[in-house]
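A.B. asks:
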């Protein structure tokens, strides 16, 4: 019974450590993405595409929608 408790405690510690490591890795990944992807430019592009969608014909709206889909993928 005591051995089971020790193994359980070790398992909990390993899981906690893995979660903390994954959390740190996710933070680093998000910081990297913020540097690589110019979010402000991306948002401005989406706003511009939305403006075009409102100002131009239905055919242009379909084209802008397709471009948005491609940008979001």
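In the UniProt record's numbering, the protein residues as written are 1 to 73.
Using N, Cα and C, we set each Cβ at its ideal position, and we do this for glycine too.
All figures in this text were calculated on a predicted structure; none of them were measured in a lab.
1. Give the straight-line distance between the Cα atoms of residue 24 and residue 73, rounded to the nearest whole angstrom.
2. Within this structure, are the beta carbons of residue 47 and residue 64 separated by less than 8 angstroms?
3. Quick check on residue 73: does DSSP put it in helix, strand or coil?
4. Could you give the distance in angstroms between the alpha-carbon of residue 9 and the alpha-carbon of residue 32?
5. How close, in whole Å, do the beta carbons of residue 49 and residue 37 come, if the pair is a contact with beta carbons under 8 angstroms?
C.D. replies: The relevant details are as follows:
1. The count along the chain shown starts at 1 and reaches residue 24 at position 24. The count along the chain shown starts at 1 and reaches residue 73 at position 73. C-alpha separation (whole angstroms): 26 angstroms.
2. For the purposes of this step, residue 47 is taken as the residue at position 47 of the chain shown. For the purposes of this step, residue 64 is taken as the residue at position 64 of the chain shown. Going by C-beta atoms, residue 47 is not nearer than 8 angstroms to residue 64.
3. Position 73 of the chain shown holds residue 73. Looking at residue 73 - three-state DSSP - the assignment turns out to be coil, as it is neither helix nor strand.
4. Taking the chain shown and counting its residues from 1, one reaches residue 9 at position 9. Taking the chain shown and counting its residues from 1, one reaches residue 32 at position 32. Answer to the nearest angstrom: the Cα atoms are 35 angstroms apart.
5. Reading the chain shown from its first residue, position 49 is the one you call residue 49. Reading the chain shown from its first residue, position 37 is the one you call residue 37. Not really, about 17 angstroms apart at Cβ, beyond 8 angstroms.
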